[in-house]
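> Numbering (the UniProt record's numbering), first residue to last: 1 to 227.
Every residue gets a Cβ at the ideal spot worked out from N, C-alpha and C, and that includes glycine.
Only a predicted model underlies this, so the values are computations on that prediction, with no experimental measurement involved.
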Amino acid sequence: MPTREKTLMFGAAFLTSVSSFVIICVVLGTQSWMSSKVDFQGTNSTVSVSLTHGLFRGTCAQSILPGLQVTESSFQVAEALSSTKTKSINVAIIVLLVLSLLSSLLSSGFTCTNATSNPYQTFLGPIGVYTWNAIGGFLTLVVMILFAVNININDLSVELATKCVSVPLTHTRSEHRYEYSYWILLLNIFLNIGTTIIICFYDHARYSKKKEQERPIENASKDVILF
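(1) Please name the residue in A115, R57 and H53 whose C-alpha comes closest to that of M9.
(2) Using 10 angstroms around the beta-carbon of L160, count the other beta-carbons present and answer buried if the total reaches 16, otherwise exposed.
(3) Count the other C-beta atoms from every protein chain shown that fall within 10 angstroms of the C-beta of E79, then say buried if there are 16 or more, exposed otherwise.
(4) Which runs of the beta strand (DSSP E) fall wholly inside the stretch 57-140 and span at least 3 residues, in chain order?
(5) In terms of residue numbering, what span does the beta strand (DSSP E) encompassing M34 cover?
(6) Among residues of its own chain, excluding the 5 on either side of D203, which ones have a beta-carbon nearer than 7 Å to its beta-carbon?
(7) Let me check understanding here. Comparing Cα to Cα, which of N154, I199, A61 and Y180 lies closest to N90?
(8) For the alpha helix (DSSP H) that contains E159, what are its first and last residues?
(9) Identify, in the order they occur along the chain, each residue of the same chain with its Cβ nearer than 8 Å to the Cβ of V179, setting aside the five sequence neighbours on each side.
(10) Apply the 10 Å Cβ neighbour rule to N150 and answer buried if 16 or more other Cβ atoms are within range, or exposed otherwise.
(11) For T195, which three-state DSSP category applies?
(12) Are at least three pairs of beta-carbons, each pair with one atom in the stretch 7-27 and one in the stretch 171-187, less than 8 Å apart?
(13) Comparing alpha-carbon positions, which option in F147, A12 and S17 lies nearest A92?
(14) Does the stretch 16-23 come close enough to the stretch 188-197 that 3 or more CB-CB pairs lie under 8 Å?
(15) For I198, tell me which candidate among H176, Y130, G136 and H171 has the shortest Cα-Cα distance.
(16) Can you check which of these residues, T111, M1, V95 and A205, is closest to L124 by C-alpha distance?
(17) Return helix, strand or coil for L186, following the three-state DSSP convention.
(18) Does the beta-carbon distance from V143 to L97 come in below 8 Å?
(19) First and last residue of the beta strand (DSSP E) that includes L51?
(20) My guess is that V158 and V38 are in contact by the Cβ rule of under 8 Å, so how many angstroms apart are they, rounded?
(21) Inspect the beta-carbon positions of G136 and S108 and report whether they are closer than 8 Å.
(22) Pull up the distance between the alpha-carbon of L102 and that of I64, whole angstroms please.
(23) Can you tell me whether DSSP reads T7 as helix, strand or coil?
Okay, structure coming up:
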């Protein structure tokens, strides 16, 4: 059976790992990644499109001036994207999030196993927890970078807004605001770091205790040596 200290430390790491798993599920399940306002100029009118979207679905509201006319609609991101570049990056983001979800699940399994038992395999111990959290944190960081690239360089929101207007127009201006589904990815990275720090503390304490027990006899008191 594991020591009380080990149970407490790995139990805390299990909670952070489960929290990381829940956050990735929320990120995949919600569609509030980006809010954008995209303006187009036509021959006799100005069209403003306000849209909110995630990785799978989105909604847009089209305002036509002069004589304000507002129409709302929803769309599937995969169907609305025509550019191979933006579509490929969007698919890559989904795949990376699924892999990050798997790493959080494995981290949860490893920490739970160590909180309740003493596994014989070395990789099932702290090394495995370090590995899965490093992978999960790295993948999450890559996801945040790729999504920002798709928005700011590949004009993902502009491409989606173009699909919301019924006639060809000239894009004039756009504003973007990252929403909570994007920002909570930072929380996931912090949870991965937190899990690693907790296990580092346990590993350091275990190492110090082991060195204390293996202290050579010359560090013992003179009375013990004489005896």
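According to the data block:
(1) A115
(2) buried
(3) exposed
(4) 57-65 and 69-76
(5) M34 to Q41
(6) P126
(7) N154
(8) L156 to C164
(9) Before going further, note that residue 179 is Glu rather than Val in the sequence given. Taken in chain order, the residues that qualify are S32, W33, M34, S35 and T52.
(10) buried
(11) helix
(12) yes
(13) F147
(14) yes
(15) Y130
(16) T111
(17) helix
(18) yes
(19) T46 to H53
(20) 6 Å
(21) no
(22) 45 Å
(23) helix
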